[in-house]
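In terms of the numbering used here, the sequence shown opens at residue 5 and continues consecutively. Think of the CB as a built atom: it goes at the ideal place given N, C-alpha and C, for glycine as much as any other residue.
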Amino acid sequence: MSISLKKFGLTLAALALLGGMTACGGSTTNEKTSASPAASSALSSTEPTGGNDAGFREGDLGDEVFVGPLVVAGKFFQPVPMTGGGLDVANSSMHVEADIAAIENNGYGWGAGDFVPGLTVDYKFTGEDGSVAAEGQLMPMNASDGPHYGLNVPKLPAGVYKVEFTIHAPEGWMLHTDPETGVEKHEFWTEPLVATFEGFQWDPETTPWW
Ligand SMILES: [Zn+2]
5 MSISLKKFGL TLAALALLGG MTACGGSTTN EKTSASPAAS SALSSTEPTG
55 GNDAGFREGD LGDEVFVGPL VVAGKFFQPV PMTGGGLDVA NSSMHVEADI
105 AAIENNGYGW GAGDFVPGLT VDYKFTGEDG SVAAEGQLMP MNASDGPHYG
155 LNVPKLPAGV YKVEFTIHAP EGWMLHTDPE TGVEKHEFWT EPLVATFEGF
205 QWDPETTPWW
């Protein structure tokens, strides 16, 4: 009795699933058709340069920077489409990432090397003449290799830039203070932490992905 009921349930579920798949199938196909030309041209443009198998090449803005309880790696690669808007690929120079992780014994309970969530991160590109070429706020996001703060940066002229990430403490993020479960530090930093990458050389003519 129970077996036949289960079978009946499974059949209904299968039918519902089939119906759902059929309904979704059309729209999925349409999306793929419209999206694939852009995706394939972006990938193929990197192939003549001998890019890696993933179809993109990632560069470092400089060496990792240690600030306060954090270690910050700055990365850049081809502009990417994202949910929630952001600057479109055609009008962007590159995608920039701040990979912000906790150092060992950071006092806040973060695991060493763990991504630190809840931060507000501003970025700024400053040219050699001291003029600001681009600035704004990075957004938290996930890529296939994990969470980071990032953004598609507007078009930048060729030049040597100082890139700064200004990192504000988490807001509305609480810390345990009791001896049994509390963390060592009971207050986040009050002055923003600044991770600076000097001498970042940028030339849109020779970037690996164009
Ligand atoms: Zn990103």
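To the nearest angstrom, how far is it from the Cα of residue i to the Cα of residue j?
| i | j | result |
| --- | --- | --- |
| P183 | L74 | 24 Å |
| G186 | G122 | 19 Å |
| G66 | T200 | 9 Å |
| P158 | A137 | 9 Å |
| G78 | N110 | 20 Å |
| M143 | W206 | 22 Å |
| L160 | H180 | 44 Å |
| V120 | F129 | 23 Å |
| P83 | Y127 | 16 Å |
| A147 | V198 | 24 Å |
| P174 | N95 | 31 Å |
| A116 | T211 | 33 Å |
| D133 | D149 | 36 Å |
| D118 | E108 | 10 Å |
| Y112 | F204 | 32 Å |
| G176 | E139 | 25 Å |
Are residue i and residue j close, meaning C-beta to C-beta below 8 Å?
| i | j | result |
| --- | --- | --- |
| P208 | S135 | no |
| G88 | W193 | no |
| H99 | G154 | yes |
| E68 | F81 | no |
| F169 | V125 | yes |
| K166 | E188 | no |
| H172 | P196 | yes |
| G90 | G131 | no |
Assuming residue i and residue j form a contact by the criterion Cβ under 8 Å, report the distance between their Cβ atoms to the nearest whole angstrom.
| i | j | result |
| --- | --- | --- |
| W114 | A106 | 3 Å |
| N156 | V93 | 7 Å |
| M86 | M178 | About 29 Å; that fails the 8 Å criterion. |
Under a three-way DSSP split, which group does residue i fall into?
| i | result |
| --- | --- |
| V76 | strand |
| G100 | Before going further, note that residue 100 is Val rather than Gly in the sequence given. Correct three-state label for V100: strand. |
| V93 | helix |
| A199 | strand |
| F119 | strand |
| E168 | strand |
| H180 | coil |
| D64 | strand |
| W206 | strand |
| T211 | coil |
| N34 | Confidence is the limiting factor: at N34 the pLDDT is only 35, short of 50, which leaves the residue's position unreliable, though a coordinate-based value still follows. N34: helix per DSSP, three-state reduction. |
| A162 | coil |
| V84 | coil |
| P144 | strand |
| N156 | strand |
| E188 | coil |
Please confirm whether residue i has its beta-carbon closer than 8 Å to some beta-carbon of chain D.
| i | result |
| --- | --- |
| F70 | No chain D is present in this structure, which holds just one protein chain. |
Please write down, chain order preserved, every residue whose beta carbon lies under 6 Å from a heavy atom of ligand 1.
-> Here the list is H99, E101, M145, A147, H152 and G154.
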